[in-house]
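All remarks here apply to the structure that follows.
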Amino acid sequence: MVNTGKPSKGCYLCRARRIKCDEAKPHCMRCQKSKRQCPGYRDASELNLREHVKAMKRRESMYFGPGVTTFKVESYNHGQPSISRAWKKSGGSTGERDLCHNQEHRVSAIAVGYPSYQPLENGTLGFPASAAEFNAHRSVSITIPKQFSPPIDQRAMCFFLSNFVLLPNSKVAKGHLGFLVPLVQESCKNSTLILTLKAVALAALANQPNSRSLQPAADSHYVSALNQINKDLQDAKKAQQDSTLASVFLLSIYETIECMGHSKIIQESHDWWTTFAIGDPVQHQISILNMKVADLRADSHRICTLKAHTIENVEKVLQHLRKAQAIDQEYINWYEDLPEVWKPKFAFWINKSPDTDMDSTNFYPGQVDTYSDLWMATTHSMARVSRLFIFTSILRCTAWLTIPLNYEETLEYITISKQARVLIEEIIASIPYYLGHEAEDTSISAFTDSYFPCGSSSKIGGTGVTGIFAMWPIFAAIGSDFTSDSQRSWLRGRLKYIAETLGIHQAKMLLQLRTRYPSTFICRDRSVKLNVAVPRGVPGGTHPTAQAV
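If you want the working numbering, it's the position in the sequence shown, counting the first as 1, plus 306.
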């Protein structure tokens, strides 16, 4: 049975047997002669439809005149695009046909754009294709997507949910911004929460490489969200809704990503805040201690700037010194009583290499630690930073009491310097866990207790949320007087990585700060007490031994 290229009108059985059918009605005679029951013929309308489709394709191929080619988009899939064979029938020159053929193999789903380029209604994209005009405009190209792309605001929201929002996968894990998921599901399309989320999501996506063109859209959504939140806060009913509180919190995330605004310190008791962590004794205790450190630092700025060296002032400084030492002991007790699951675990060791560039390497030589969950790692980091701040208060008190002697020769300074260097080493050992770095032939345990609500990637290290968590411990270690030059160089490189690769612009601002502690504060305290002008260079002055961060 010869295939003529047209739909066969034979019966079903003859077509299956690949023999010529006599097309007798109502039954085929060949089937009757072979003592088989004829199943009948296909519907005439089906044959007519197939003929009509083929005729339309023939008319499409002849639609364009001579000198015009087509770039035909047959479907949005991952296959290679095909260029219409109208060349053969349109009289195109051999050189033009070769040019079109070369472009077909050189690019994938890219059509060269011309000023007269217009999409056509019949599903093809037409453009002039003379060799001279092609070469004149070949630098201007239009990328044709291989599949339908969702709106940019939806892509931005998915990016934000898959980089900044963590959902807990166990009772131990805490997650991050997990409250957004149910609130977003309950909110309408034009609600304040959705508008604010779009602003934050666009800002996060705009900070990625080659995406800065999205920044105007992020700014526009931010202004609209800010105005809408102000209106909601003036409404007594809306001001008490969870979605309004979530919107305000998202604005703080926006300001962190974009590094804008200054938060005003609210003088309020921290008892109301810590009551929410009572269900987790470990977290509850560390939250109270961190709040105590915040109060301790505020008191240090007030007490250590007392001018008169009277008995009353000496007693105030001594009491403050004992208070700082007592809080530090509470941190030590907290760590000793930790459950085993909370403690950091050894991952691998990095040997020191003389050729290592500390500004760009992912690892600092020495131990690298891993943790059971991101929230546990962050809790440990905040505890270490808090203890560094406690050491600053202790040394400020020591320097005030021993003036005009050198406080660096005291027993308190020698003891604290050893403890502070250990804390800085522990902070450095935790950073690869945050940033998702892995050494050759080694691996850091994955984040199994948390997951992103959007996206298919299970990798959490090296995303926006881990960058935010790692940023402040890194900055605290950079500013410490007890950090070595090589450690500081490596930490600055990690802060630069968070700013440029992860898109957290606040890290870029932190790189510009040059304050050292406790030397900066001690220099300022002594200048105030001795009525000496504060040295220029950094806010509050710079200790003679302190160099630029």
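Glycine included, each C-beta is placed from N, C-alpha and C at the ideal position. None of these values were measured; they are calculated from a predicted model.
When only Cα atoms are considered, L551 and S558 end up about 11 Å apart. Between the C-alpha atoms of Q491 and V529 there is a straight-line separation of about 23 Å. In its chain, beyond the 5 residues on either side, A505, L508, A509 and A512 have a beta carbon closer than 7 Å to the beta carbon of A524.
Bounds of any beta strand (DSSP E) do not take in I709, whose DSSP letter is neither H nor E.
Between the region 807-816 and the region 701-720 there are fewer than three inter-stretch CB-CB distances shorter than 8 Å, so the stretches are not counted as touching.
Each residue's CA atom was taken as its position, placing N516 and Q591 some 44 Å apart.
Under DSSP, S786 takes part in a beta bridge, and its partners are Y823. Counting along the chain, the unbroken alpha helix (DSSP H) around G799 starts and ends at D791 to E806.
In the DSSP assignment, F652 falls within the beta strand (DSSP E) that extends over K651 to I656.
Between the region 649-659 and the region 669-680, the count of Cβ pairs shorter than 8 Å is three or higher; the stretches touch. In this chain, the beta strand (DSSP E) harbouring Q673 covers G672 to T676. Residue burial is scored here from C-beta neighbours: H615 has fewer than 16 other C-beta atoms within 10 angstroms and is therefore classed as exposed.
Between T498 and D538 a beta carbon distance of about 6 Å is seen, short of the 8 Å cut, so the two are scored as contacting. In the structure shown, the three-state DSSP call for L717 is helix. In the DSSP assignment, C317 forms a beta bridge with Y347. Counting along the chain, no alpha helix (DSSP H) covers E744, and no H or E run does either. Remark: three or more beta-carbon pairs, one from each stretch, lie closer than 8 Å, so the region 630-649 and the region 696-704 are flagged as touching. When the Cα atoms are used, A776 and I617 turn out to be separated by approximately 44 Å. A straight-line Cα-Cα distance of about 17 Å links A630 and Y713. In the DSSP annotation of this structure, the continuous segment of the alpha helix (DSSP H) that includes N536 starts and ends at Q521 to Q540. Here the alpha carbon of R820 sits roughly 17 Å from the alpha carbon of D665.
I733 is a Cβ neighbour of P779, given a cutoff of 8 Å. When beta bridges are read from the DSSP output, H482 appears opposite L472. For M664, no alpha helix (DSSP H) segment is defined, and its DSSP state is neither H nor E. Here Y823 really is in contact with G785; their C-beta atoms are around 6 Å apart, less than 8 Å.
Non-local beta-carbon contacts of M335 in its own chain, meaning distances under 7 Å to residues more than five positions away in sequence, involve D328 in chain order. The DSSP-derived three-state label of I325 is coil.
In the DSSP annotation of this structure, N516 is not part of any alpha helix (DSSP H), being labelled neither H nor E. Scanning K480, L483, G799 and T772 for the CA closest to the CA of Q818 turns up G799.
Here F788 has S723, A726, R727 and I730 as same chain residues with Cβ atoms under 7 Å from its own Cβ, once five neighbours each way along the sequence are excluded. If the five residues before and after I535 are omitted, its C-beta is found closer than 8 Å to the C-beta atoms of T498, T502, T550, S553, V554 and L557, all from its own chain and listed in chain order. In chain order, P779 and A782 place their CB closer than 6 Å to the CB of V691, counting only its own chain and leaving out the 5 sequence neighbours on each side. The alpha-carbon of F485 is positioned some 19 Å away from that of M682. Distance from the Cα of G767 is smallest, within the candidate group K331, L472, D541 and Q338, for L472.
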